[in-house]
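Under the numbering used here, think of the first position of the sequence shown as 391, with each following residue one higher.
Just so you know, even glycine gets a beta-carbon here, dropped at the ideal spot from N, CA and C.
Small disclaimer: the values here were computed from a predicted structure and weren't measured.
A short worksheet on the structure shown next.
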Amino acid sequence: MLFDTLGKLLEGRIQIGIILAVFFAYCFKKIFFKNGTGKWKSPFAEDSRTPLTPLVTDHAKRDETMKRAFTKKLANEKKWDAIVIGSGIGGLSTAALLSKAGLKVLVLEKHYKCGGACHTFREYGYEFDVGIHYVGNFIRPTLTRTLLEQISDGQIKFAKFDTNVERLIMDAMSPSQREYTITSGPDAFENQLIKQFPEEAQGIKEYFRLLKRAYSPQGSMSFFSFKLLPLWFINVLRFFGLPRLLSDFFALSKCSVKETVESHVKNKDLRYLLSYSSNGFLVPPSRISLPMMALLHIHCCEYGSCYPIGGASEMPYRIVPVIERSGGRVLMKANVSQILTEGGKVVGVRVGNKENSMVDIHAPIVISDAGMHNTLLDLLPERVAEKSPAWPLMKTIRPSCGNLSVFLGLRGTPEELGLTAQNIWAHAGSDLEEMVNQIFESTLPDALEKPYPALFLSSSAAKDPSWKDRYPDRSTLSVLTCAPYSWFSQWSGLPTKKRGDDYNTTKNTIGQHIVDEVTTLFPKLKNAIDYVSVGSAVTIEHFLVTKQGGTYNMEHDITRFGEEQTALLRPESGIEGLYFTGQDVTSCGFASCLYSGFLCASVVLKKRYLLLWELFNLHRKLYGMPKDRNDLCF
Ligand SMILES: Cc1cc2nc3c(=O)[nH]c(=O)nc-3n(C[C@H](O)[C@H](O)[C@H](O)COP(=O)(O)OP(=O)(O)OC[C@H]3O[C@@H](n4cnc5c(N)ncnc54)[C@H](O)[C@@H]3O)c2cc1C
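Here it is, written out as structure tokens:
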């Protein structure tokens, strides 16, 4: 009788329910309450902001930090707890958090300058940023800002863009040219579009409702949980179809921007306005996942974009001292040619590849900010690399599209030249899908003949309030666009400035088309141009060491943000002693890479969710409970 009742109780759904409840209770305890080893202190034990010091504008002084070169003596001066390959924001944020926890960390950077995509360069008395034109969410007291403050002594300050945060020029080169501006502020863009396209109000509201669902603390948390929870646990969740049920991020991650926009609104201009910023990911809207679009739009437009005062190099410049104060070192001109292994375990790295100048440096932990393709395909022996759960993705996820940057040095102040603190997108048409595909399908001869269909313009001179003191009567404008690696691959591997006349003629011809388009749109600039330089995918390949000059390392295709790929692109490499950080772990973007460092540190320190709790606690102490739930978004 008793067994009969029990049998009935445990039948069907109830049975599955009880088994699942017991299983999840066990996992919850094991995973969430698995404390750190207690060996390392919390990087967020106390507020480490210090009173703001003036910008250091003396280049020689800055170079002492930004260009400290690798020497055998410096690299071997102590026993390192961890080595970080690459000084991008992912590498530096990991290194800073580990240093604050008490580890001695050595950061090795191939370039002669620190910072990866955050580095700036100076030519002809002009300063240009490479990979930071706008960031979001650093004016408000968000969790992200607290994280940055705590690894930079609170020394990095940001200036907010104009309220009209973006300017869009459609059909830019034709008589039917149209222009729209995007206003920042809660719901501002949505309301603006409803006013401009009242007949599409319902579709607009529904589209923004989806964006807000995709960008939420719950969405961020589930994305990051997939990077922290054990893979076996994620597989169980996936087996029961739970990620899509429990997380809006995964529920929407298979929706492309194109199909979502087209299923909600009909007007062509409106469709363009709802998807234009996906162009920043260098894939057409049909291959951009809606949560990625939400991240970019809400993070940068809804809350207003901002720019680091003093330029992008302030990021590395202010983070390096935090690493070095704890006994760490950040050394440039240090090309890691190999990750050393013993019995399948990582034991250190080899710097240099010439037999007489190679140096082996040992540490029990190696963290790679050099991108997963580079790390698994080039730096490790295949028999070790193939042990990583991420190994199969090396074949299925391509490097992202290359990029072409035109750097313009201009005589005159931003005010005189009409340059403003906003981003400008100038597109030759109004069908983004068509334009991006047109670039992908173009051959080099096409590119040399035709005007360029999609441009992004950014003036750090106008965005940075410190600019006028640092570079009086001068301005800069950077013009960016995607340009396939294949156009320039024949010059790959040749040293910069020594790629020959053909290379220079090719890139400069495309560059000139772009300059012509820009000066047609903004005639005031024509007579102010004092300096022009063009960087291609091989420039990125050389300076940022990305596979095939991929602008953001791995392509930001919709599949990359699927459940399986999200879980496999994680800080743990599956190879003992080796961890990943940087944009391949999370996604491109300064804030995202900052969090890749946070995730990586939480795994290395064996703290996982505890580190998030510690950050949240400190944030709460400093700023109180967040007033806006999105202040907790990553
Ligand atoms: C042109 C461009 C424009 C961008 N615009 C913006 C923007 O406006 N806003 C925004 O938020 N984001 C932007 N991004 C993206 C953002 O800059 C990046 O996603 C982010 O900075 C990447 O950080 P990371 O740590 O992953 O790697 P990176 O910054 O790429 O750093 C990796 C470092 O590793 C080094 N390295 C690689 N291999 C080795 C090796 N074997 N030995 C030693 N060192 C090695 C490289 O030299 C490099 O310095 C842009 C990127 C680019 C390229």
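Taking each of THR534, MET456 and LEU488 in turn and checking the Cα distance to HIS509, the smallest one comes out for MET456. Within 10 angstroms of the beta-carbon of ARG950 lie 16 or more other beta-carbons, which makes it buried. Ranked by how close their Cα comes to the Cα of ASN669, the residues LEU959, PHE846 and SER882 have PHE846 in first place. When the five nearest sequence neighbours on each side are left out, the beta carbons in the same chain lying within less than 6 Å of the beta carbon of PRO531 are those of TYR1013, in order along the chain. Taking the Cβ of LEU884 as the reference point, every heavy atom of ligand 1 lies at 6 Å or farther away.
For TRP781, the three-state secondary structure derived from DSSP is coil. Contact annotation: VAL826 and PRO620 have beta-carbon atoms that are not nearer than 7 Å. In this structure ASN813 touches SER848 by the C-beta definition: roughly 6 Å separates them, less than 8 Å.
In the DSSP assignment, ARG801 falls within the beta strand (DSSP E) that extends over 793-801. Comparing alpha carbon positions, the residue from GLU776, THR803 and ASP519 closest to LYS914 is THR803. Scanning the stretch 436-486 for uninterrupted beta strand (DSSP E) segments of 3 residues or longer gives 472-475, listed from N- to C-terminal end.
By the neighbour-count criterion, in which 16 or more other beta carbons inside 10 Å mark a residue as buried, PHE629 falls on the exposed side. LYS735 is the residue among LYS735, GLU745 and THR765 whose C-alpha sits nearest the C-alpha of ALA753. Going by DSSP, HIS932 is part of the alpha helix (DSSP H) stretching over 927-933.
Residue environment: GLY883 is assigned as exposed (fewer than 16 neighbouring CB atoms within 10 Å of its CB, all protein chains considered). Taking the Cα positions, TYR985 is about 20 Å away from ASP1018. Ranked by Cα distance from ALA844, the first of PRO855, VAL869, SER865 and SER856 is VAL869.
Sorting MET722, GLY979 and LEU1001 by C-alpha distance to the C-alpha of MET682 places GLY979 at the top.
Ranked by Cα distance from ALA816, the first of MET944, PRO444, MET762 and TYR662 is TYR662.
For the pair CYS872 and CYS983, the CB atoms are not nearer than the 7 Å cut-off.
Inclusion of VAL525 in the 6 Å shell around ligand 1 follows from its C-beta lying nearer than that to a non-hydrogen atom of the ligand. Comparing C-alpha distances from GLU954 to each of ALA578, SER612 and ASN581 shows the shortest one belongs to SER612.
CA-CA distance, ILE688 to PRO576, rounds to 9 Å. In terms of side-chain proximity, the C-beta atom of LEU537 is found no nearer than 6 Å to any non-hydrogen atom of ligand 1. Between CYS691 and LYS550 a beta carbon distance of about 13 Å is seen, past the 8 Å cut, so the two are scored as non-contacting.
Within a 10 Å sphere around the beta-carbon of MET1015 sit fewer than 16 other beta-carbons, which makes this residue exposed. Counted as a single uninterrupted DSSP element, the stretch harbouring TYR707 is not any beta strand (DSSP E) but the alpha helix (DSSP H) occupying residues 704-715. Annotation for GLN938 indicates a beta carbon at 6 Å or more from all heavy atoms of ligand 1. DSSP places GLU966 outside both helix and strand once states are collapsed to three, so it counts as coil.
At a Cβ-Cβ threshold of 7 Å, HIS654 and TYR570 do not count as neighbours. Fully enclosed beta strand (DSSP E) runs of no fewer than 3 residues occupy 968-970 of the stretch 945-991, in order along the chain. Assignment of LYS735 by DSSP, reduced to helix, strand and coil, places it in the strand class. Not one heavy atom of ligand 1 is found less than 6 Å from the C-beta of LYS457. Per DSSP, reduced to three states, the secondary structure at VAL655 is coil, with no helix or strand assignment.
Beta-bridge annotation (DSSP): PRO698 is paired with PHE548. In this structure, ASP750 is the residue among GLN938, ASP750 and ALA851 with its C-alpha nearest to the C-alpha of ILE473.
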